[in-house]
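The sequence shown begins at 0 in numbering that gives the first Met the number 0 and counts up one residue at a time. What follows is a short report on a single structure.
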Amino acid sequence: MILTTPSGENIEVAEYVKKWGRSASIALLDPTCEIYKSPHIDGVIGYRCEAGSAFVFGDPLCEQSVKTQLAQSFDEYCKKNNQNVVYTQVSDEFARWGLEHYKGALVQVGEEFFVDPQNNPTEGADARMLRKKINHAKHEGATVLEYTEHRPDLENEFEQAKNQWLSSRKGPQIYLSNVQLFKDRSSKRWFYALKNNRVVGLCMLNRLELKEGWVLNLLMATPDAPNGTTELLVVSVLDILRNEGCHYLTFGVVTAEDLDPILGLNPFTSWCAKKAFKGAKWIFNLDGRRKYWEKYKPQGESSHVLFTRNKISLCDVLGLMKAMNVKL
0 MILTTPSGEN IEVAEYVKKW GRSASIALLD PTCEIYKSPH IDGVIGYRCE AGSAFVFGDP
60 LCEQSVKTQL AQSFDEYCKK NNQNVVYTQV SDEFARWGLE HYKGALVQVG EEFFVDPQNN
120 PTEGADARML RKKINHAKHE GATVLEYTEH RPDLENEFEQ AKNQWLSSRK GPQIYLSNVQ
180 LFKDRSSKRW FYALKNNRVV GLCMLNRLEL KEGWVLNLLM ATPDAPNGTT ELLVVSVLDI
240 LRNEGCHYLT FGVVTAEDLD PILGLNPFTS WCAKKAFKGA KWIFNLDGRR KYWEKYKPQG
300 ESSHVLFTRN KISLCDVLGL MKAMNVKL
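Structural data, given as structure tokens:
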């Protein structure tokens with residue numbers, strides 16, 4: 000995806016995501032995401048403008064040695080446009096630097112779940128339910144293949160399956176980016192589940208060279224897919240990555256049990272934030288997402304929201320909801 004920066008420069012955003020990205024960086028591939036690039040630093044920052052603030056997705060994408068310089072360059076750009084800056088889903092290292100630099104507020108909202116594919120999550124007594132789901136899907140006739148050849152007919156089936164899945168989703172939703180299966184192809188891999196020669200599930204990976212691994216960008220099953228189809232997809236992908244010698248696959252950020260720690264906010268605001276967080280977890284069933292991924296025995300790295308001010312207003316909350324594509 001080629002975008003034009005505020006300075007008028009055309010850049011290939013997908014290459015920055017591939018080279019320097021983490022799981023949150025896939026948001027930069029969405030057309031609704033704006034891109035900042037300093038004229039003096041090789042790197043980009045992806046953000047969405049809502050309610051007078053720029054909501055940034057993940058750490059700045061650049062060499063580690065110039066990450067804080069790029070962040071400060073972006074700050075100056077936003078000040079000229081009278082915009083506040085809020086960083087979402089940032090690493091612990093960048094979050095700690097930001098708290099000290101901005102004297103703002105820092106909230107740990109979740110963990111980035113990732114696995115080493117060399118470890119097999121189907122082994123052990125605690126994996127009995129996972130094995131049961133996978134065996135059920137296989138018994139129902141589901142098989143998993145990787146899409147490696149250019150076949151427009153099969154891509155059309157993928158799109159149809161995606162649309163069926165999207166149409167079947169009910170209730171409140173949160174998502175980083177819209178599903179774009181075949182844009183920025185060079186950094187992607189696709190796996191699909193078949194039953195009776197029909198596509199009933201999809202899994203898409205994006206390359207993360209910084210981690211020498213992949214982020215699981217999309218995982219879905221159609222409404223008529225056998226129970227256990229998504230589990231079969233994930234385990235099949237892990238098997239393939241294991242055989243390739245890969246040591247990193249991230250599932251993205253899952254919510255924390257509670258907002259802890261909260262740094263830089265007064266006690267009343269912290270109390271309100273925790274209450275709102277619990278309400279959001281219930282409305283969006285965020286614990287269900289965490290429970291689903293835990294069956295693959297992941298490790299976790301803390302993920303934070305960094306406010307460059309030490310006050311959070313209602314506009315900040317509403318802006319964050321819009322930036323995260325919250326649909327009630």
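The beta carbon of each residue, even a glycine, is placed where N, CA and C say it ideally should be. For clarity, every value in this text was computed on a predicted model and none was experimentally measured.
With a 10 Å radius around its C-beta and 16 neighbouring C-beta atoms as the bar for buried, classify residue i as buried or exposed.
{"i": "G170", "result": "exposed"}
{"i": "A328", "result": "Examination of residue 328 is not possible in this model, given that the chain is present from 0 through 327 alone."}
{"i": "T147", "result": "exposed"}
{"i": "K187", "result": "buried"}
{"i": "F190", "result": "buried"}
{"i": "D29", "result": "buried"}
{"i": "L319", "result": "buried"}
{"i": "I133", "result": "buried"}
{"i": "S24", "result": "buried"}
{"i": "N195", "result": "exposed"}
{"i": "W281", "result": "exposed"}
{"i": "L317", "result": "exposed"}
Following the continuous alpha helix (DSSP H) through residue i, name the residue where it begins and the one where it ends.
{"i": "C77", "result": "K66 to K79"}
{"i": "N16", "result": "Reading off the sequence shown, one finds Val at residue 16, where the question assumed Asn. From DSSP, the alpha helix (DSSP H) with V16 extends over V12 to W19."}
{"i": "V316", "result": "L313 to A322"}
{"i": "H303", "result": "No alpha helix (DSSP H) contains H303, which is instead part of the beta strand (DSSP E) from Q298 to F306."}
{"i": "G278", "result": "P266 to I282"}
Rounded to the nearest angstrom, what separates residue i and residue j at their Cα positions?
{"i": "S52", "j": "L175", "result": "17 Å"}
{"i": "I311", "j": "C77", "result": "18 Å"}
{"i": "N80", "j": "V55", "result": "15 Å"}
{"i": "M323", "j": "V252", "result": "13 Å"}
{"i": "I239", "j": "H246", "result": "12 Å"}
{"i": "Q107", "j": "N242", "result": "35 Å"}
{"i": "N309", "j": "E211", "result": "36 Å"}
{"i": "R47", "j": "G57", "result": "12 Å"}
{"i": "W337", "j": "E256", "result": "No answer is possible for residue 337: the residues shown for the chain start at 0 and end at 327."}
{"i": "S185", "j": "N205", "result": "9 Å"}
{"i": "G244", "j": "T268", "result": "47 Å"}
{"i": "M219", "j": "D91", "result": "30 Å"}
Looking at residue j and residue i, is the spacing between their C-beta atoms short of 8 Å?
{"i": "P225", "j": "A160", "result": "no"}
{"i": "L231", "j": "T254", "result": "no"}
{"i": "S366", "j": "V214", "result": "No answer is possible for residue 366: it lies beyond the span of the chain, which begins at 0 and ends at 327."}
{"i": "E110", "j": "S301", "result": "yes"}
{"i": "P120", "j": "L248", "result": "no"}
Short of 8 Å in beta carbon distance, which residues of its chain neighbour residue i, apart from the five on each side in sequence? Order them along the chain.
{"i": "G97", "result": "A70, Y86, V89, G103, L105, L305 and T307"}
{"i": "D315", "result": "A50, S52, N83, V85 and F306"}
{"i": "G42", "result": "Y15, W19, K36, P59, L60, C61, E62, V65, K66 and L69"}
{"i": "P222", "result": "Q163, W164 and S167"}
Can you give me the Cβ contacts of residue i inside the same chain, cut-off strictly under 6 Å, excluding the 5 residues immediately before and after it?
{"i": "L27", "result": "V12, V16 and G45"}
{"i": "A94", "result": "L105, H303 and L305"}
{"i": "V325", "result": "I173"}
{"i": "P266", "result": "none"}
{"i": "V114", "result": "L248, Y295 and P297"}
Along the chain, where does the beta strand (DSSP E) containing residue i start, and where does it finish?
{"i": "N195", "result": "Here N195 belongs to no beta strand (DSSP E), and DSSP marks it neither H nor E."}
{"i": "N83", "result": "N83 to V89"}
Given residue i, which residues of its chain have a CB within under 7 Å of its CB, disregarding the five upstream and five downstream residues?
{"i": "L217", "result": "V178, L201, C202 and M203"}
{"i": "E40", "result": "For the record, residue 40 in the displayed sequence is Ile; it is not Glu. Same-chain partners within the cutoff: C61, V65, Q68, L69 and S72."}
{"i": "L313", "result": "none"}
{"i": "E154", "result": "F181"}
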